[in-house]
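Enquirer:
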Amino acid sequence: MIPTMLHLLAHPFIRIVIALVLTMAFVGVMGLVLVYAERKVAGFIQRRPGPFEVGPHGILQSLADAGKLVGKQLVRPFDADPFLFWAAPILSLAPVVVCFLPIPFGPTLTGMQINVGLVLILAFSGLNTLALCLAGWGSANKYSLLGSARAVSQSVAYEIPLLLAVLAIAFQSGSLDLTEITLTQRRSVLSWNVWVQPLAFLIFFVSLVAETNRAPFDLPEAESELTAGFHTEYSGMGFGLFFLAEYTYMIVGCAVASCLFLGGWEGPVADGHWWFLAKTFGLLLAMMWFRWTYPRVRFDQLLNVCWKWLIPLGLANLVVTALVIKVVG
Amino acid sequence: MAMVAKTLKRLWSLVVGLEVTGKEFFKPWLTVHYPRQQVGNLDTYRGHIELVPRDDNPAIPRCIMCSRCQDICPSRCISIAFHPVENGERTPKPLWLNPGIVSPGSHGAPPAPERIERVLDRFDLNYSLCSLCGLCVQNCPVAAIRFSRHVYFCGTSRQDFSIDLLERMKRGNGTKPHPE
Chain A
36 MIPTMLHLLA HPFIRIVIAL VLTMAFVGVM GLVLVYAERK VAGFIQRRPG
86 PFEVGPHGIL QSLADAGKLV GKQLVRPFDA DPFLFWAAPI LSLAPVVVCF
136 LPIPFGPTLT GMQINVGLVL ILAFSGLNTL ALCLAGWGSA NKYSLLGSAR
186 AVSQSVAYEI PLLLAVLAIA FQSGSLDLTE ITLTQRRSVL SWNVWVQPLA
236 FLIFFVSLVA ETNRAPFDLP EAESELTAGF HTEYSGMGFG LFFLAEYTYM
286 IVGCAVASCL FLGGWEGPVA DGHWWFLAKT FGLLLAMMWF RWTYPRVRFD
336 QLLNVCWKWL IPLGLANLVV TALVIKVVG
Chain B
4 MAMVAKTLKR LWSLVVGLEV TGKEFFKPWL TVHYPRQQVG NLDTYRGHIE
54 LVPRDDNPAI PRCIMCSRCQ DICPSRCISI AFHPVENGER TPKPLWLNPG
104 IVSPGSHGAP PAPERIERVL DRFDLNYSLC SLCGLCVQNC PVAAIRFSRH
154 VYFCGTSRQD FSIDLLERMK RGNGTKPHPE
């Protein structure tokens, strides 16, 4: 009986289902933790306590907020397209769960080890742009439309340097499998890709901040200009799903960054998923730190940074990497 | 070359920004954490008005019931009730000054001393109307009204902002704990 069950558990389909369920739980919990962390970081940087009243040191604040969001009425504007309007938040969150499948949390803690893991993540995370586009179009609101137009042009622009940075690492490791890329950096801390490819790491991280619509590149939801951008008309869990999706894309991005550049689960003392989580959290905290340090850029500045700096630098980096591999390898 | 130098300089400014916020992160809070702490320096705070007690008897207000404050108040939020006392005997009915009528003599010199003594019964303030202009404080001939330091004043109904200032003064103008 037990061997049969173990055999069943080892079936790839069952493994994927278990991984997806665990990912959903992980996403939910991490959403709460990150919202709390974000507000605490914001508070401490501005020399105030942040959330404090719900639970000791406000630790249950995001749980209370989640309860509030679930309890709120879902309102659709009169002119909005009902299908697109409600499809958008679901389409925003649903694909991100798939992005967790090829991420190696530990030496064996991977949902689905496939040799095109990186491509899978990039493909599914690109769907978020479509969701923002649908939200802006379906809301029948000019702020939403402007926000989604910004989201699309920003995502299209910054996907290129992101891919160029990823490509440099893929050239170097000769693989698109995140587990294998992690294993190529296993010798020591000095063999992490961030030391070999610092420029690629910089480009990747800047593009990641822009791709996840985080400050200082949060133009799609620039509240001073567009009220809330693409999610202006969303209330309750419609907004909640967008919010959760934003944080989940941050986690995916930082997890990929720690796989590609920071050696994944490899660490100085004891290898394992704690190293992976620590690196991911470190990058997430850095993103929060950026948010509360830099003012929002103007839209022409945003696109100038991408087209005039990141893409040429990314291309140059790629050419140099290819030459070095050709000569050395 | 100059452009690269300029860009590097600008990139360095980003690092400086991170350094500033990174340092602020570890410094102590600057905000007053209200229910656990309270603000200290309230000398310049304008709370609602309160009555000033006499120096010799803290149970009796300095107020001489001239009703100037009631007349000058642009929001009509002060109403005063007092008893005239004649030969030591109180008249049974309190006299309410009509706030609609400006009493004669109220905008000139302080009222001439009268034979009839007055005893203040009520000094009602409707704080929800008050604009804190301070005319009553400025125009009181005997400095019987001042701004309180009542910062944490809140209520759940309109009635909570109708205050009998005489009673409040007898309770110590907020210096003693509330009986409730």
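In order, the protein sequence lines correspond to chains A and B.
With the working numbering as the guide, the letters of the first sequence map in order to residues 36 to 364.
With the working numbering as the guide, the letters of the second sequence map in order to residues 4 to 183.
Note that beta-carbon positions come from the ideal geometry of N, C-alpha and C, so glycine has one too.
The model shown is predicted, which means the values in this text are computed figures rather than measured ones.
1. Is the beta carbon of Asn176/A sitting closer than 8 Å to the one on Pro124/A?
2. If I follow the unbroken beta strand (DSSP E) through Ser165/B, where does it start and stop?
3. According to DSSP, is Glu120/B part of a helix, a strand, or is it coil?
4. Rounded to the nearest angstrom, what separates Pro139/A and Pro38/B at their Cα positions?
5. Quick check on the DSSP output: the alpha helix (DSSP H) that includes Glu22/B runs from which residue to which?
6. Any contact of the segment 264-283 of chain A with the segment 93-112 of chain A, i.e. 3+ C-beta pairs under 8 Å?
7. Is Val191/A near the ligand ADP, judged by its Cβ being under 7 Å from some heavy atom?
8. Could you check the C-alpha separation between Leu295/A and Asn150/A for me, to the nearest Å?
9. Check whether the Cβ of Leu168/B lies closer than 8 Å to any Cβ atom in chain A.
10. Does the segment 344-364 of chain A touch the segment 296-306 of chain A, meaning 3 or more C-beta pairs lie closer than 8 Å?
11. Run through chain B and tell me which residues come within less than 9 Å of Ile80/A, C-beta to C-beta.
12. Less than 8 Å between CB atoms is the rule here; does Gly43/B satisfy it with respect to chain A?
13. On the CB-based measure, 16 or more other CB atoms within 10 Å of its CB, does Gln220/A come out buried or exposed?
14. So, is the C-beta of Pro84/A closer than 8 Å to a C-beta in chain B?
15. Tell me, please, which residues DSSP counts as bridged to Phe150/B.
16. Using a Cβ-Cβ distance cut-off of 8 Å, determine whether Thr328/A contacts chain B.
17. Applying the 10 Å Cβ sphere with the 16-neighbour rule, what's the burial state of Trp309/A?
18. Do we get a CB-CB distance below 8 Å when we pair Trp342/A with the residues of chain B?
19. Please state whether DSSP places Asn163/A in a helix, a strand or coil.
20. Does the Cβ of Asn60/B have 16 or more other Cβ atoms within 10 Å, making it buried, or fewer, making it exposed?
21. Between Trp15/B and chain A, is any beta-carbon pair separated by less than 8 Å?
22. Given this structure, state the Cα-to-Cα distance separating Ala351/A from Ala203/A, to the nearest angstrom.
23. Let me make sure I understand the geometry here. Which of Arg83/A, Arg82/A and Ala99/A has the alpha-carbon closest to that of Gly90/A?
24. Helix, strand or coil for Pro64/B, going by three-state DSSP, please let me know.
25. Output the boundary residues of the alpha helix (DSSP H) element that contains Cys289/A.
26. Would you mind telling me which residues of chain A sit closer than 9 Å to Leu11/B, beta carbon to beta carbon, in chain order?
27. Comparing the C-beta of Trp324/A with each C-beta of chain B, is any distance below 8 Å?
28. Going by Cα to Cα distance, which pick from Val224/A, Ile53/A, Gly66/A and Gly209/A is closest to Leu279/A?
29. Tell me, please, whether the CB atom of His51/B is closer than 8 Å to any CB atom in chain A?
30. Going along the chain, which unbroken runs of the beta strand (DSSP E) with 3 or more residues stay wholly within the segment 110-159 of chain A?
31. Apply the 10 Å Cβ neighbour rule to Ser160/B and answer buried if 16 or more other Cβ atoms are within range, or exposed otherwise.
32. Could you check if Val70/A is buried or exposed, using at least 16 other CB atoms within 10 Å of its CB as the buried criterion?
Expert: In short:
1. Against a cut-off of 8 Å, the Cβ pair of Pro124/A and Asn176/A comes out as no contact.
2. Counting along the chain, the unbroken beta strand (DSSP E) around Ser165/B starts and ends at Ser165 to Asp167.
3. In the structure shown, Glu120/B sits in a strand (DSSP, three-state: E or B).
4. Each residue's Cα considered, the two are about 46 Å apart.
5. Ala5 to Phe29 is the span of the alpha helix (DSSP H), which, as asked, contains Glu22/B.
6. Yes: the two stretches touch, three or more of their Cβ pairs being nearer than 8 Å.
7. The model on display carries no ligand, and the ligand ADP is accordingly not part of it.
8. About 14 Å.
9. Answer no: the Cβ-Cβ gap between Leu168/B and chain A never drops below 8 Å.
10. The answer is no - the segment 344-364 of chain A does not touch the segment 296-306 of chain A, with fewer than three Cβ pairs under 8 Å.
11. Result: Thr24, Gly25, Glu27 and Phe28.
12. With 8 Å as the cut-off, Gly43/B does not count as an interface residue toward chain A.
13. Burial check for Gln220/A: the Cβ neighbour count within 10 Å reaches 16 or more, so the residue is buried.
14. Interface with chain B (8 Å Cβ-Cβ cutoff): Pro84/A is included.
15. Ile52/B, per the DSSP bridge assignment.
16. Yes, because at least one Cβ of chain B sits closer than 8 Å to the Cβ of Thr328/A.
17. That one is exposed.
18. No, Trp342/A does not count as interfacial toward chain B.
19. Residue state, collapsed to three classes: helix.
20. Sixteen is the threshold: since fewer than 16 other Cβ atoms of the shown chains lie within 10 Å of the Cβ of Asn60/B, the residue is exposed.
21. For Trp15/B, no CB of chain A lies under 8 Å from its own CB, so it is not counted at the interface with that chain.
22. Distance from the CA atom of Ala351/A to the CA atom of Ala203/A, rounded to whole angstroms, is 10 Å.
23. If you compare the alpha carbons of Arg83/A, Arg82/A and Ala99/A with that of Gly90/A, the shortest gap goes to Ala99/A.
24. Of the three classes helix, strand and coil, the one that applies to Pro64/B here is strand, per DSSP.
25. Residues Gly271 to Leu295.
26. Within chain A, not a single residue places a beta-carbon under 9 Å from that of Leu11/B; the smallest gap is close to 12 Å.
27. Trp324/A counts as touching chain B.
28. Looking only at Val224/A, Ile53/A, Gly66/A and Gly209/A, the smallest Cα-Cα distance to Leu279/A is reached by Gly66/A.
29. At a cut-off of 8 Å between beta-carbon atoms, His51/B makes no contact with chain A.
30. As far as the segment 110-159 of chain A is concerned, it has no whole beta strand (DSSP E) run of at least 3 residues.
31. By the 10 Å Cβ count, Ser160/B comes out exposed.
32. Under this definition Val70/A is a buried residue.
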